[in-house]
Each structure stands twice: as structure tokens, then as C-alpha cells.
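Each remark here refers to the structure printed beneath this line.
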Amino acid sequence: EAAGSPEKKNWPLYYARAISEQQSNNWNAAEADLKEALTLSPDEPQVLNYLGYSWVDQHRHIPEALAMLEKARALAPQDGYVIDSVGWAYFRLGRYKDAARALEDAILLVPGDPTINDHLGDAYWMIGKKLEARFQWNHALAFGAAGDEKAKIEKKLQVGLNRDDRS
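Counting in our numbering, the sequence shown runs from 1 upward without gaps.
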């Protein structure tokens, strides 16, 4: 192996750098590093989850992202954040009942996470469980949703969602 060529054991370096790049609003570099981390170690659930969720959140490559996230779930079946990502991918694909089931599983593992509560509220709304949706959105606020997310949740509590709103 040539000097300086990355090895399997180097995947955490690419993963950490990708997180830093993403937080610095340099998504292209972050995405490249996440892909490199997966090339080096394709069975790392946290890398599969980070890239898959990022794509879903950006409305990009959703079928491919779902496959990655389902692989991550198989590798880390007790990781509520991975299960949330699977549920959110289902939501973005319009598979609202599947989304609700996955997000219910996620919330059992991570009950106090505002994002998971928000996601479950969205899924409930789309399958007609309006009261349960508002309950989850209120939980998301109580658990510390802040900034833009807080404002979006407050709006949903006022007017709900429509079928075109898969944000």
C-alpha cells in the first residue's frame, strides 16, 4: 500500500472531519468525506446514518438513503437515532404508516429527543392521528426544540400539515 493511502482504520478521521465540515456549511466536502469513510468501512452504522439522514433531510437520493439507513438499522437495531432516520426516510417517501411505526420504535429508545418527537408528530398528522400529532409536537417543544425548529413546530400546532408538506 502506498504511503499516505487511507486504510480501513482511518474511517473515523473522515467521519469526524465530515461532521466538522457539515457544521461549517461545507456540505460538498462533508459528503465526500462520508463517502470515503464508507468506502473504507462500509458497515459503520453511524456513518451510514449520518450520510443517509443528511440526504433525506436535503430531499436527495432518498431511495439510496433508505437502503443505507435500513442497513444501519440492521447493524444497530437498538439505536433510536438510526431508527428515527429510517422513519424520516419513509416519511419523505410518503410511506406515512411505515414512518409512524419506525418513529414509535425510535421514541421508545430516545423518548426525550425533540426531533424524534417532531418527526413522529408529522407522521401521525399524515395518517390522520391529529390529537397524537399535537401531543408529539408539544413534547418536542417541551424537550427543547429551539430556533427555526421551534418556530416550525409552533406553526404546525396552529395549522397542522398538508399532504405537500414533507419538510
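Note that CB positions come from ideal geometry on N, CA and C, so glycine has one too.
In this text the structure is predicted, and so the values were computed from the model without any measurement.
Only counting the same chain, and skipping five residues up and downstream in sequence, which positions put a Cβ closer than 6 Å to that of residue i?
i      : result
Ala123 : Phe91, Tyr96, Ala99, Ala100 and Leu103
Asn23  : Per the sequence shown, the amino acid found at residue 23 is Gln instead of Asn. For Gln23, where only same-chain residues beyond five positions count, there are no Cβ hits under 6 Å.
Ala133 : Gly121, Tyr124 and Trp125
Ile116 : Asp84, Ala106, Ile107 and Val110
His139 : Asn117
Lys130 : none
Leu38  : Val47
I'd like to check one pair, residue j with residue i: are the Cβ atoms closer than 8 Å?
i      : j      : result
Asp118 : Glu149 : yes
Ala89  : Leu69  : yes
Gly80  : Val110 : yes
Trp125 : Leu157 : no
Ala145 : Pro114 : yes
Tell me which same chain residues have a C-beta within less than 8 Å of the C-beta of residue i, skipping the five on either side of it?
i      : result
Leu34  : Tyr14, Tyr15, Ala18, Val47, Tyr50, Leu51 and Ser54
Lys8   : Leu40 and Ser41
Glu21  : Trp27, Ala29, Ala30 and Asp33
Ile127 : Tyr96, Lys97 and Ala100
Glu1   : With a pLDDT of 46 at Glu1, under the threshold of 50, the predicted position of this residue should be treated as unreliable, and no value is reported.
For residue i, I'd like the list of residues in its chain whose CB is within less than 7 Å of its CB, leaving aside the five on either flank, ordered along the chain.
i     : result
Leu75 : Asp43 and Pro45
Ala65 : Gly52, Trp55, Val56 and Ala89
Asn10 : Leu40
Let me see if you follow: with CB-CB separation under 8 Å, is residue i close to chain D or not?
i     : result
Lys35 : The chain labelled as chain D is not found in the depicted structure, where only one protein chain is given.
Can you tell me the Cβ-Cβ gap for residue i and residue j, rounded? I've got them flagged as a contact below 8 Å.
i      : j      : result
Arg73  : Ile62  : Wrong, their Cβ atoms sit about 16 Å apart, outside the cutoff.
Phe143 : Gly112 : 5 Å
Pro6   : Glu36  : 7 Å
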